[in-house]
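If you want the working numbering, it's the 1-based position in the sequence shown plus 1371.
Built from N, CA and C at the ideal position, the CB exists for glycine as well.
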Amino acid sequence: MTDPAPIAAVILAAGKGTRMKSAMHKVLHPIAGRPMLLHLLASVEALQPARTVIVVGAGRDQVEAAVGDRAAVVVQEPQLGTGHAVAQAEGALAGFDGTVLILYGDVPLVETATMARMIGALTHDVAAVVLGFRPADPGAYGRIVAEGGIIAKMVEYKDATDAERAVTLCNSGLMAVRSRDLWPLLARVGNANAAGEYYLPDIVGLADRPSAVIETGATEVTGVNSRAELAGLEAAWQAARRTAMMDAGVTLVAPGTVWFAHDTVVAADVTIEPNVVFGPGVSVARGTTIRAHSHVAGATIGEDCDVGPFARLRPGTILGTGAKIGNFVETKNARLGDGAKANHLSYLGDADIGAKANIGAGTITCNYDGFLKYRTTIGAGAFVGSNSALVAPVSIGAGAIVGAGTTLTEDVEADALALARAPQTRKSGWATRFRTAMAARKRG
């Protein structure tokens, strides 16, 4: 048995993206918190390609910054069609002998399994494999005329006859071709068509062997050319992820109102109430409830926790088993031990809070002096009274109590009581005298 041929990927991203009306390169607009291009790269990288080349027009610096050393970036200038675009990658793939996958940076949701099917269909008797689909509205997509999976003709919509336009099998533009076939075929592609461009699909008709088509669902090959299409693909991605979550044992009380990031991990037996938004970098363990109107990003939530409603967990938050974050509580870079509680109206930033500690309403960790951040440490079983300000760096020992209204600037030893507030004074009859005087002044 011989080793499979190596794989290279060419990702076309030279479109101007004018309909996006954005200074950001089109392929860097996010779906589920991740740039479209990086969605696609992640799927490609699962195949362990020998090389990956991204073809851009304008915005090369943005794309290079986004992909780093994960791919080579080359420029197509001017833009003379998809065939011309792929040809720009020839230099970056010099010496490569294997299968070339041709993909599009604004078609981000193509799955690794589909790419593998394309590669698997590229037998020695097949010149190229094209990925086709059947949209509800074929519109202006190029058409594929095929029988038994073998392509008889591929034609752009603007060059198609009425009969060809009636065909429902459409060309996604994605293709798998051997490198030894690709470059000679591209050199033969002409531009005698309505747009005067060099079309990649023309290599199918120029090859000395038949080409094959395999099909996939329309959503997987949906492209993005406008903000509306971006929102539509986001909605489709979210709908699929919600279904997958529920199939895996997660309760979504109002599925259409919950928004996941591309990497959100939620265990079975978690309940998520309405209007919850997950940013990137979140994992939620079994038995936890995320209550309504909460926003969670960059957080690790342990088993049997209770979060919200109206909670905001920011990056660096870690909740131990059975921890409680209540309404209008914000955390950032904070660790709460098992059973620790902050039930209402608090900000906990840069803090280490021990097991079963209780943080009273209105408590804040004053972690920033305008220049640097400092940590607050609260020991296991400590009790911090309501409306306390903990001026970091400061440490509260295990079992200590901080009285309500305290502004704490010094460490508190274990099991001690700390109070730091002005003494209460009382002046009998003062309120009556004040009202009388003010009424007289108002009368003039």
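Q | Segment limits, beta strand (DSSP E) that includes F1631 | A | What you label residue 1631 is simply residue 260 of the sequence shown in a count that begins at 1. F1631: not part of any beta strand (DSSP E); DSSP gives it neither H nor E.
Q) According to the neighbour-count rule (16 or more other Cβ atoms, all chains shown, within 10 Å of its Cβ), is V1501 buried or exposed? A) As a working mapping, residue 1501 is identified with position 130 in the sequence shown. By the Cβ neighbour-count rule, V1501 is buried, with 16 or more other Cβ atoms within 10 Å of its own.
Q: Would you identify the three-state DSSP class for K1712, choosing helix, strand or coil?
A: Start at 1 with the first residue of the sequence shown, and residue 1712 comes out as number 341. In this structure, K1712 counts as strand in the three-state DSSP scheme.
Q: Would you identify the three-state DSSP class for E1701, choosing helix, strand or coil?
A: As a first step, residue 1701 must be located in the sequence shown, where it is residue number 330. The answer is strand: DSSP assigns E1701 an E or B state.
Q) Along the chain, which unbroken stretches of the beta strand (DSSP E) at least 3 residues long are found entirely within the region 1376 to 1445? A) Within the region 1376 to 1445, the complete beta strand (DSSP E) runs of at least 3 residues are 1378 to 1384, 1422 to 1427.
**Q.** Continuous alpha helix (DSSP H) assignments of at least 4 residues falling wholly in the region 1534 to 1586
**A.** The region 1534 to 1586 contains these whole alpha helix (DSSP H) runs: 1550 to 1559, 1573 to 1577.
Q: Report yes or no: do three or more beta-carbon pairs, one from the region 1648 to 1661 and one from the region 1676 to 1690, lie closer than 8 Å?
A: Contact between the region 1648 to 1661 and the region 1676 to 1690 is present, because at least three Cβ pairs lie under 8 Å.
Q) Helix, strand or coil: how does DSSP classify T1593 here? A) In the sequence shown, the residue the question calls residue 1593 occupies position 222. Coil, per DSSP.
Q: Give a yes or no on contact between the region 1432 to 1449 and the region 1551 to 1566, applying the rule of three or more CB pairs nearer than 8 Å.
A: Touching, no, given that fewer than three Cβ pairs across the two stretches are closer than 8 Å.
Q. How close, in whole Å, do the beta carbons of T1671 and P1645 come, if the pair is a contact with beta carbons under 8 Å?
A. Sequence index remark: in the sequence shown, residue 1671 carries index 300 (1-based). Sequence index remark: in the sequence shown, residue 1645 carries index 274 (1-based). At roughly 23 Å, the Cβ-Cβ gap does not stay under 8 Å, so T1671 and P1645 are not in contact.
Q | Boundaries (first-last residue) of the beta strand (DSSP E) holding E1518 | A | Position 147 of the sequence shown, counted from the first residue, corresponds to residue 1518. Secondary structure note for E1518: its beta strand (DSSP E) is the uninterrupted segment 1514 to 1518.
**Q.** Between the CA atoms of R1706 and A1760 - distance to the nearest angstrom
**A.** Position 389 of the sequence shown, counted from the first residue, corresponds to residue 1760. Position 335 of the sequence shown, counted from the first residue, corresponds to residue 1706. Looking at the two C-alpha atoms, the distance is approximately 18 Å.
Q: Under 6 Å Cβ to Cβ from L1480, same chain only, skipping five residues before and after it: list those, please.
A: One-based indexing of the sequence shown puts residue 1480 at position 109. Cβ-Cβ distances below 6 Å link L1480 to E1591 in the same chain, with the five nearest sequence neighbours on each side left out; the list follows chain order.
Q. Between A1385 and V1426, is the Cβ-Cβ spacing less than 9 Å?
A. Indexing the sequence shown from 1 puts residue 1385 at position 14. Indexing the sequence shown from 1 puts residue 1426 at position 55. Closer than 9 Å, so yes.
Q. What span of residues does the beta strand (DSSP E) with T1532 cover, start to end?
A. Here residue 1532 refers to the residue found at position 161 of the sequence shown. No beta strand (DSSP E) holds T1532; DSSP gives it neither H nor E.
Q) What do you reckon, are the CB atoms on L1464 and A1379 nearer than 9 Å? A) Counting from 1 along the sequence shown, the entry for residue 1464 is found at position 93. Counting from 1 along the sequence shown, the entry for residue 1379 is found at position 8. The beta carbons of L1464 and A1379 sit closer together than 9 Å.
Q.
Given this structure, state the Cα-to-Cα distance separating P1406 from G1491, to the nearest angstrom.
A. As a working mapping, residue 1406 is identified with position 35 in the sequence shown. As a working mapping, residue 1491 is identified with position 120 in the sequence shown. Going by the C-alpha atoms only, they are around 28 Å apart.
(Q) By DSSP's criteria, A1499 is part of a beta bridge. Which residues make up the other side? (A) As a first step, residue 1499 is located in the sequence shown; it is residue number 128 there, counting from the start. Looking at the DSSP assignment, A1499 forms a beta bridge with V1548.
(Q) For the region 1686 to 1698 against the region 1709 to 1719, do three or more pairs of beta-carbon atoms, one drawn from each stretch, fall closer than 8 Å, so that the two count as touching? (A) Result yes; three or more Cβ-Cβ pairs closer than 8 Å.
Q.
Three Cβ pairs or more, each shorter than 8 Å: is that satisfied between the region 1611 to 1624 and the region 1564 to 1571?
A. Short answer: they don't touch.
Q. Taking G1477 as the reference, which of T1587, V1755, L1601, A1682 has the closest Cα?
A. Residue 1477 sits at position 106 when you count from the first residue of the sequence shown. In the sequence under discussion, the amino acid at residue 1477 is Asp, which differs from the Gly named in the question. Closest in C-alpha terms to D1477, from the list T1587, V1755, L1601, A1682, comes L1601.
Q: Work out the CA separation of G1669 and N1729 for me, nearest whole Å.
A: Position 358 of the sequence shown holds residue 1729. Position 298 of the sequence shown holds residue 1669. In this structure, the straight-line span from the alpha carbon of N1729 to that of G1669 is close to 23 Å.
Q: Just the C-alpha distance for M1489 and V1497, rounded to the nearest angstrom, thanks.
A: Taking the sequence shown and counting its residues from 1, one reaches residue 1489 at position 118. Taking the sequence shown and counting its residues from 1, one reaches residue 1497 at position 126. About 11 Å.
**Q.** Whole runs of the alpha helix (DSSP H) within the region 1596 to 1649, excluding any shorter than 4 residues
**A.** The qualifying runs are 1598 to 1618.
Q: Can you tell me which of the three DSSP states R1488 falls into?
A: Translated into the one-based positions of the sequence shown, residue 1488 becomes position 117. Here R1488 sits in helix by DSSP.
Q. T1734 by DSSP, collapsed to three states: which one?
A. Reading the sequence shown from its first residue, position 363 is the one you call residue 1734. T1734 falls in the coil class under three-state DSSP.
Q: Flag this pair as yes or no: are the beta carbons of A1732 and T1748 separated by less than 9 Å?
A: Walking along the sequence shown from the start, residue 1732 turns up at place 361. Walking along the sequence shown from the start, residue 1748 turns up at place 377. No Cβ-Cβ contact shorter than 9 Å links A1732 with T1748.
Q | For M1372, three-class secondary structure by DSSP | A | Taking the first residue of the sequence shown as 1, we reach residue 1372 at position 1. Note on M1372: pLDDT 36, under 50, position unreliable in the model; the coordinate value appears next. The answer is coil: DSSP assigns M1372 none of H, G, I, E or B.
Q) Is W1608 buried or exposed, if buried means 16 or more other CB atoms sit within 10 Å of its CB? A) As a working mapping, residue 1608 is identified with position 237 in the sequence shown. By the neighbour-count rule (16 or more Cβ atoms within 10 Å), W1608 is buried.
Q | Where G1454 sits in the DSSP three-state scheme | A | Your numbering for residue 1454 matches position 83 in the sequence shown. Helix.
Q: Report the rounded CA-to-CA distance for A1392 versus H1400, giving the unit in angstroms.
A: Your numbering for residue 1392 matches position 21 in the sequence shown. Your numbering for residue 1400 matches position 29 in the sequence shown. Rather than Ala, the amino acid found at residue 1392 in this sequence is Lys. Looking at the two C-alpha atoms, the distance is approximately 12 Å.
Q | At least three beta-carbon pairs within less than 8 Å, the region 1648 to 1656 to the region 1630 to 1637 | A | Taking a contact to require three or more Cβ pairs closer than 8 Å, the region 1648 to 1656 and the region 1630 to 1637 qualify as touching.
Q | Bounding residues of the beta strand (DSSP E) (the contiguous stretch that carries T1688) | A | If you number the sequence shown from 1, residue 1688 lands on position 317. Here the beta strand (DSSP E) through T1688 covers 1688 to 1690.
Q. For H1495, does the count of other Cβ atoms within 10 angstroms reach 16, so buried, or fall short, so exposed?
A. Here residue 1495 is taken as the residue at index 124 of the sequence shown, counted from 1. Of the other Cβ atoms in all chains shown, fewer than 16 fall within 10 Å of the Cβ of H1495; this residue is therefore exposed.
Q. Hey, out of L1577, E1781, R1812, H1396, whose CA is closest to D1432's CA?
A. Your numbering for residue 1432 matches position 61 in the sequence shown. Measuring from the Cα of D1432, the nearest candidate turns out to be H1396.
Q | Under 9 Å between C-beta atoms of N1738 and G1756 | A | The sequence position of residue 1738 within the sequence shown is 367, counting from 1. The sequence position of residue 1756 within the sequence shown is 385, counting from 1. Annotated as distal: N1738 and G1756, with beta-carbon spacing of 9 Å or more.
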